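Asks: Got a structure for you, questions after.
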Amino acid sequence: MLPQPQLETKRLVLRPFTLSDSEIVAKLAGDKRIADMTANIPHPYELNMAKTWIATHQAQWESGKGAVYAVTLKSDQQLIGTVSFPSIEEDVGVLGYWIGVPYWGNGYAVEASRALIDFAKEHLGMKYLEVMHLVENQQSQSVIEKLGVEYTDTRTNRMQGKERPVKYYRSKL
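Residue numbers are given in the numbering used here: position 74 of the sequence shown equals residue 80, and the series is strictly consecutive.
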């Protein structure tokens, strides 16, 4: 597998995370509003959790089973969130993303997601895209609708100790 390439959009640079990103990841992901709207980010989210998470990315990339990117602003290289395929199996990529609260409402999640989807379709052999969001996460629903991924159903998943309704989407690339 080739080294994980950097991806660029009009306003963003998507790059592999480094351990030096741990503090800002812990700060951004540590906001309770992020934990409340994601399936697998606990609150509180601590520095050692960020380090452990970042340490998994290279193996995921090398195995072809995942691709995790830091989303940074092209203007000043500020880390603002992440976009990823935490799971790639049998030509199906499951999209995940979060953008730090100070950066909400600027279209960064759509822009970063579209860049990663286009890259994965062309270079990772993905044929299908899946994505999900908690029913109450209207911002994520808006991102998914702008990406044009088709709604399939709503399921109840056990996450962070609670039963939570989740909307699922899937599209052919």
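Glycine is no exception: its CB is placed at the ideal position from the N, C-alpha and C atoms. Just so we're clear, the structure is a prediction, and the values are computed from it rather than from any experiment.
Going by C-alpha to C-alpha distance, which of Leu18, Arg170, Thr160, Leu179 sits closest to Asp82?
Replies: Of Leu18, Arg170, Thr160, Leu179, the residue nearest in Cα terms is Leu18.
Asks: With DSSP collapsed to three states, give me the class of Met55.
Replies: It is helical.
Asks: With DSSP run on the structure shown, which of helix, strand or coil describes Trp104?
Replies: Correct three-state label for Trp104: strand.
Asks: Suppose you measure from the CA of Arg39 to the CA of Arg164; what does that come to, to the nearest Å?
Replies: Using only the alpha carbons, I get a separation of about 19 Å.
Asks: Which same chain residues end up closer than 8 Å to Lys71 when comparing Cβ atoms and leaving out the 5 residues on each side of it in sequence?
Replies: Contacts found: Ser93, Ile94, Glu95.
Asks: If distances are taken between C-alpha atoms only, which option among Ala65, Glu14, Ile123 comes closest to Gly131?
Replies: Among Ala65, Glu14, Ile123, the Cα nearest to that of Gly131 is on Ile123.
Asks: Provide the residue span of the alpha helix (DSSP H) that contains Glu95, from first to last.
Replies: Segment 85 to 95 is the beta strand (DSSP E) holding Glu95; no alpha helix (DSSP H) there.
Asks: Assuming Val31 and Ala56 make a contact with CB atoms under 8 Å, what is their CB distance in whole Å?
Replies: Rounded, the Cβ-Cβ distance is 4 Å, consistent with contact.
Asks: Could you pull out every residue in the same chain whose Cβ sits closer than 6 Å to the Cβ of Pro171, ignoring the five residues on either side in sequence?
Replies: Excluding sequence neighbours, Pro171 sits near Val141, Thr160, Thr162.
Asks: So the candidates are Ala73, Tyr109, Tyr174; which of them puts its Cα closest to the Cα of Leu8?
Replies: Minimum Cα distance to Leu8 is reached at Ala73.
Asks: In terms of DSSP beta bridges, what is Asn163 paired with?
Replies: Arg170.
Asks: Rounded C-beta distance between Phe125 and Leu53? I'm assuming under 8 Å.
Replies: The Cβ separation is near 30 Å, so there is no contact.
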